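Read the structure below first, then the notes.
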Amino acid sequence: MLNNPHVLSRLSESRFLDYFEHIGRGIIIFDKHFKYIWSNRNFREMMGYPEHYYQDDMLIDQFVAYDCKRGLYGTARPEIVAAELKAELGASDTSSIEIEIPNGPIVQLDRRMAADGSYVYECTNVTHLRSETERSAQDTAIIQQLSDGVVVANLDYRLIYFNSAYLKLFSFALKDPNAMFLPPHGMAATMEFQAFTKAMDSAIADHGRYECELRIKGQDDEEKIIHSTCLPRRDIAGHHIGYIGIFRDITKSAHDRARLERQNRVISQLNDSVVIADHNGKITDCNPATIDIFGYELDELKGKRLLETVQMYKNTGSMKLFVMNALKTGGSWNGELNLRHKDGHLVVMDCNVQPFSMSMAIVSE
């Protein structure tokens with residue numbers, strides 16, 4: 042419509058002026074001699090030129106000079122910028138640039154030449170689009186650097202994006218086209234894909250997320266244990282449009298956890314007392330035998346110093362110093378302790394103090 046000479050020749054008619062005042066874009070028109078003809082309200086509000094600039098016969102040079110003054114063209118001189126602009130407009134019927142108004146919006150300027158030689162500028166506020174693009178680029182850059190594998194999938198569970206960590210984690214499976222779906226599709230895993238998607242959709246509906254552990258075979262035929270977290274992916278309106286998956290290799294920690302669980306089962310079945318204490322001698326845990334031997338419940342011992350709750354018998358207080366020194370220094374100690382049962386009777390114990398991870402273990406027999 043803006044290239045229609047009949048429109049330009051009838052701009053003075055109120056129905057056309059009213060139409061252009063209500064469209065979403067900003068519009069300004071210069072004649073073929075680069076003199077101001079007309080602009081709509083959106084242009085004036087968007088571009089921020091002084092109101093007195095919008096007068097008949099105001100040259101485009103004045104608008105350029107104002108833009109130079111507010112830094113849109115760096116240190117370039119206004120007359121040079123104006124000359125280059127006129128040459129560019131004369132050489133092409135259309136052009137497009139993007140500018141950022143100081144303390145204002147990012148504006149896309151589309152310039153067109155009308156049939157009668159006039160120049161029409163259409164201005165679109167693209168601040169939101171550029172901000173979204175920049176945020177998306179920043180998010181992508183961050184996701185690419187994560188150590189966890191991250192994927193984006195559509196509603197059919199097909200992958201549309203994955204980061205380098207995911208590629209490293211599942212590279213052996215991605216050679217198969219079927220593996221371009223969310224794991225465990227196409228993988229020798231402990232969970233079938235249909236069961237996985239059913240459980241995932243149910244958990245997301247009830248709890249907003251789904252977590253599970255996948256056990257798969259790697260290239261070297263060794264088992265990998267992958268912790269999977271799946272979340273719904275939504276658009277701006279909140280509609281469910283796909284899934285986001287986060288995958289972490291927990292093989293080592295899972296094996297360590299299993300080993301500790303086995304150790305705990307063994308320790309819990311011992312007839313000897315096993316007490317875990319920190320460097321200050323405060324009890325953090327103990328096995329059932331400790332409760333049987335000394336008569337104290339775990340709640341009575343936990344958080345307290347062993348050799349203050351379980352009293353030393355008669356004049357064996359010097360042994361307490363050896364035990365506490367071993368705890369504080371991370372050393373080892375072995376010796377006999379005469380301790381009191383909760384009801385007061387004597388309990389003679391062979392005590393071994395040994396380092397245990399970040400704390401110390403007192404093993405009494």
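Be aware that the sequence shown starts at 42, since it is given in the numbering used here, and climbs by one per residue. In this text, a Cβ means the ideal position worked out from N, Cα and C, and glycines have one as well. As the structure is a prediction and not an experimental result, all values here were calculated from the model.
Which same chain residues end up closer than 7 Å to residue i when comparing Cβ atoms and leaving out the 5 residues on each side of it in sequence?
i: Glu120; result: none
Is it buried or exposed, residue i, if we count other Cβ atoms within 10 angstroms and call 16 or more buried?
i: Thr135; result: exposed
i: Gly322; result: buried
i: Tyr202; result: exposed
i: His226; result: buried
i: Ala299; result: exposed
i: Thr331; result: buried
i: Gly115; result: exposed
i: Gly112; result: exposed
i: Ala367; result: buried
Could you tell me which of the options sits nearest to residue i, measuring between CA atoms?
i: Ile308; options: Ser294, Asp326 and His320; result: Asp326
i: Ala182; options: Tyr160, Thr168 and Ser205; result: Ser205
i: Arg152; options: Phe288, Ala318, Phe75 and Lys258; result: Phe75
i: Leu196; options: Ser133, Thr238 and Phe84; result: Thr238
i: Gln186; options: Cys253, Leu223 and Lys209; result: Lys209
i: Lys343; options: Val316, His320 and Met365; result: Val316
i: Phe211; options: Glu141, Arg289 and Asn393; result: Arg289
i: Ser243; options: Leu272, Lys369, Gly145 and Gly65; result: Leu272
i: Asn379; options: Leu387, His63 and Ser373; result: Leu387
i: Gly131; options: Pro396, Gly145, Asn144 and Val161; result: Val161
When the Cα atoms are used, what is the spatial distance from residue i to residue j?
i: Lys345; j: Arg306; result: 24 Å
i: Leu362; j: Thr270; result: 50 Å
i: Ser294; j: Ile267; result: 11 Å
i: Leu170; j: Ile138; result: 15 Å
i: Leu339; j: Ser314; result: 12 Å
i: Asn166; j: Met87; result: 8 Å
i: Ile69; j: Asn83; result: 10 Å
i: Asn81; j: Val105; result: 19 Å
i: Ile245; j: Gln310; result: 40 Å
i: Gly249; j: Glu341; result: 40 Å
i: Met228; j: Lys258; result: 8 Å
i: Glu129; j: Asp59; result: 31 Å
i: Leu301; j: Cys253; result: 21 Å
i: Asp247; j: Tyr90; result: 54 Å
i: Glu263; j: Thr231; result: 14 Å
i: Ser133; j: Asp97; result: 25 Å
i: Gly190; j: Leu223; result: 12 Å
For residue i, which residues in the same chain have their Cβ closer than 8 Å to its Cβ, ignoring the five residues on either side in sequence?
i: Ala117; result: Cys109
i: Met365; result: Gly322 and Leu348
i: Ile282; result: Asn195, Leu196, Arg274, Arg275 and Asp276
i: Lys127; result: Phe75 and Ile101
Tell me which same chain residues have a C-beta within less than 6 Å of the C-beta of residue i, skipping the five on either side of it?
i: Gln149; result: Glu139, Thr165 and Val167
i: Asp72; result: Ile78 and Ser159
i: His63; result: none
i: Ala123; result: Asp102 and Val105
i: Val351; result: Phe335 and Leu380
Does the ligand COA have a heavy atom nearer than 7 Å to the CB of residue i?
i: Ile332; result: The ligand COA is not part of the structure shown, which contains no ligands of any sort.
Of all Cβ atoms in chain C, is any one closer than 8 Å to the Cβ of residue i?
i: Ile334; result: Within the model displayed, chain C is absent; a lone protein chain is all it includes.
TODO: Would you check if there are 3 or more beta carbon pairs closer than 8 Å linking the segment 334-343 to the segment 375-383?
DONE: yes
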